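For the protein sequence lines, the chains are C and W, in the order given. Just so we're aligned, residue 3 is where the first sequence starts under this note's numbering, counting upward by one. Just so we're aligned, residue 3 is where the second sequence starts under this note's numbering, counting upward by one. Cβ atoms here follow ideal geometry from the backbone N, Cα and C, with glycine treated the same way. These numbers come from a predicted model, not from an experiment.
Number of protein chains: 2
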Amino acid sequence: MHSLHDLHDLQSLQKVHIVQSMESPQERRERRRAEKRQAIRNAAVRIALDQGLEAATVEAISAAADISPRTFFNYFASKEEALAPVPLWTPEEFIELLSARPADEPAFQSLKVVARALAQRLRPVMADLKPFMELRNRYPELAAKARAADETKLLESLLGAVRSRPGVTGALHARLLVVATFGAAVSAVQESVAGGGPVEELIEEAFTLLENGFRLS
Amino acid sequence: MHSLHDLHDLQSLQKVHIVQSMESPQERRERRRAEKRQAIRNAAVRIALDQGLEAATVEAISAAADISPRTFFNYFASKEEALAPVPLWTPEEFIELLSARPADEPAFQSLKVVARALAQRLRPVMADLKPFMELRNRYPELAAKARAADETKLLESLLGAVRSRPGVTGALHARLLVVATFGAAVSAVQESVAGGGPVEELIEEAFTLLENGFRLS
DNA sequence: TTTGGTTTTTGCAGGGTCTGTACGGATTAC
DNA sequence: GTAATCCGTACAGACCCTGCAAAAACCAAA
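Listed below in structure tokens is the structure:
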């Protein structure tokens, strides 16, 4: 069940290996693991897009990726995880970036700066997001399972980090700040993938909109 | 495995039955179905809170509710649905309320009015939300499965309804408007359940915050 | 090249979710 | 009272996911 796409993956892998011939066994293993993970993801997405989400069983994906079903779960904790894009940001780095900001900086300012920083890291992976966005549009139930737990935890953490900032007048204010800015970031990414332009600019635009408020809308 | 709670439910049910002795068979069946649904929900929540989410298998819930596992799925499409509160709003009524607003009203105004209207309907059920909120805090992964698909569809619909309103300057603006106002409503509900005050006031407050923007935060 | 340790893959068993189907009992309609 | 309809249930079966232990692949040193 090998496809041309798989072969391409493997070939480019060989090249990379030859070029960077000096790597520790540790690195070698990590690289191979990452590549296999990506290959499985590709197989999963291809099946889901071509034959529908229903056809994308673990068995089918594993067959396409030339591994046993059991091995699939050595790489992904759930089927949905394989059908989700590489996370755009981890809760950890988000929190880390935020806590690196001065504690007396207004919360919104900090969040804006953090969003800008994330946007920088985002650009290289934006191109890979399109098929996943297509999947997400066709099967909204996918949006849920993989990310939701992480996202909730992230929002709670941000909430904690934002509460004590100056200018935050209460619990509701803090909560709103977090969901609005997080929503702004996500919206900017979505628009960008949908063809609305470069992420960085859209993030700027989104934050400006939030900053000005919706009085005129 | 009947509990006092169940008995209470059944007794009040009897009373209601006697009082409203005139009901069509149609109504009778609907009422019984709704009550059984609620009883199953109660059983599920009680087990999950008392013994942990892990113990809340369909089998255990069914046993506690005195039905067969197969019957459980005649009432809920998934286990998670039984552990989620009655939906605060359906996509349909949300959209309906929104499309009842004049088409030339600024989008944010319309959304604000709709949120107010929803808040009115919300008040009676707020009291029942506490155990579900507790569950959601303990097990964030629950937040996902049941609502996410619906929520995505709702947001997409709102997006479509908002695009054409005056004052909406682009796709990003529309998207932001929707996620921010939706987030405001959800945040207000959460704060209210957490003990922050009456929902209506919190919704007002949240929308005022959005209206004024985060320039000072 | 062989050897031996480490990592990876895999098979197997088992628990859990969820669906289609078909049968039997209860409810409703006539 | 009988027929039509609705509802709960058993059963079979597909799929998801996990722990465990054996097999296979890998890799470094002899």
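Query, Result
"Work out the CA separation of W/Arg-39 and W/Glu-32 for me, nearest whole Å.", "10 angstroms"
"Could you work out which residues of chain W lie near C/Phe-110, taking near to mean beta carbons separated by less than 7 angstroms?", "Phe-216 and Ser-219"
"Using a beta-carbon distance cut-off of less than 8 angstroms, what residues from the region 193-215 of chain W approach chain C?", "Glu-193, Ala-196, Gly-198, Leu-204, Glu-207, Ala-208, Leu-211, Leu-212, Glu-213, Asn-214 and Gly-215"
"Using a Cβ-Cβ cut-off of 6 angstroms (strictly less than) and excluding sequence neighbours within five positions of W/Glu-207, which residues of its own chain qualify?", "none"
"Using a beta-carbon distance below 8 angstroms, is C/Val-181 in contact with chain W?", "yes"
"Taking only beta carbons into account, state which residues of the region 155-187 of chain W come closer than 7 angstroms to chain C, listed in chain order.", "Lys-155, Gly-169, Val-170, Ala-173, Leu-174, His-175, Arg-177, Leu-178, Leu-179, Val-181, Ala-182, Gly-185 and Ala-186"
"For W/Arg-43, count neighbouring C-beta atoms within 10 Å of its own C-beta (all shown protein chains included) and say buried if the count is 16 or more, exposed if not.", "buried"
"With a CB to CB cut of under 6 angstroms and the five nearest residues on each side skipped, what residues in its chain are close to W/Phe-134?", "Pro-87"
"Let me confirm a value: C/Ser-189 is counted as buried when at least 16 other C-beta atoms fall within 10 Å, else exposed. Which label applies?", "buried"
"With H, G and I counted as helix, E and B as strand and the rest as coil, what does DSSP make of W/Ala-50?", "helix"
"Using a C-beta to C-beta distance shorter than 9 angstroms, which residues of chain W count as neighbours of C/Ala-145?", "Ala-146, Ala-150, Ala-151, Glu-153 and Thr-154"
"Compare the C-beta of C/Pro-142 with all C-beta atoms of chain W and state if any pair is closer than 8 angstroms.", "yes"
"So, does the CB of C/Ala-105 fall closer than 8 angstroms to a CB anywhere in chain W?", "no"
"Going residue by residue through the region 57-141 of chain W, where are the continuous alpha helix (DSSP H) segments of at least 4 residues, counting only ones entirely within it?", "60-67, 71-77, 81-84, 93-101, 109-128 and 132-140"
"Let me know if W/Arg-35 comes out buried or exposed under the rule of 16 or more other beta-carbons within 10 Å of its beta-carbon.", "exposed"
"Is the CB-CB distance between C/Gly-185 and W/Val-115 below 8 angstroms?", "no"
"Between which two residues does the alpha helix (DSSP H) holding C/Arg-177 run?", "173-193"
"Tell me which residues of the region 66-96 of chain C have at least one Cβ-Cβ distance to chain W shorter than 7 angstroms, keeping chain order.", "none"
"Out of W/Ser-166, W/Glu-158, W/Phe-110 and W/Gly-162, which has the shortest C-alpha to C-alpha gap to C/Arg-217?", "W/Phe-110"
"In chain W, which residues lie with their C-beta within 8 angstroms of the C-beta of C/Ala-190?", "Leu-174"
"Roughly how many angstroms lie between the CA atoms of C/Leu-51 and C/Ala-57, to the nearest whole one?", "10 angstroms"
"Are C/Gly-199 and W/Asn-214 closer than 8 angstroms when you measure CB to CB?", "no"
"Are there 16 or more other CB atoms within 10 angstroms of the CB of C/Glu-61, so buried, or fewer, so exposed?", "exposed"
"Give every residue of the same chain whose Cβ lies closer than 7 angstroms to the Cβ of C/Trp-91, excluding the five residues on either side of it in the sequence, and list them in chain order.", "Leu-120"
"Between W/Leu-131 and chain C, is any beta-carbon pair separated by less than 8 angstroms?", "no"
"For C/Leu-144, tell me which candidate among C/Ser-112, C/Val-47 and C/Val-201 has the shortest Cα-Cα distance.", "C/Val-47"
"To the nearest angstrom, report how far apart W/Glu-224 and W/Ala-151 are at their CA atoms.", "As shown, chain W starts at 3 and ends at 219. That puts residue 224 of chain W outside it, with no answer to give."
"Taking 7 angstroms as the cut-off, is the C-beta of C/Pro-87 nearer than that to any heavy atom in the ligand FAD?", "This structure lacks the ligand FAD, and indeed carries no ligand of any kind."
"Verify whether the separation of the beta carbon atoms of W/His-175 and C/Leu-124 is less than 8 angstroms.", "no"
"Quick check on DSSP: helix, strand or coil for C/Val-170?", "coil"
"In the structure shown, what three-state DSSP assignment does W/Phe-209 receive?", "helix"
"Beta-carbon within less than 6 angstroms of C/Ala-117's beta-carbon, same chain only, minus the 5 sequence neighbours each way: which residues are those?", "Ala-187 and Ile-205"
"Report the three-state DSSP secondary structure of W/Leu-157 (helix, strand or coil).", "helix"
"Where does C/Pro-27 sit, in a helix, a strand or coil, going by DSSP?", "helix"
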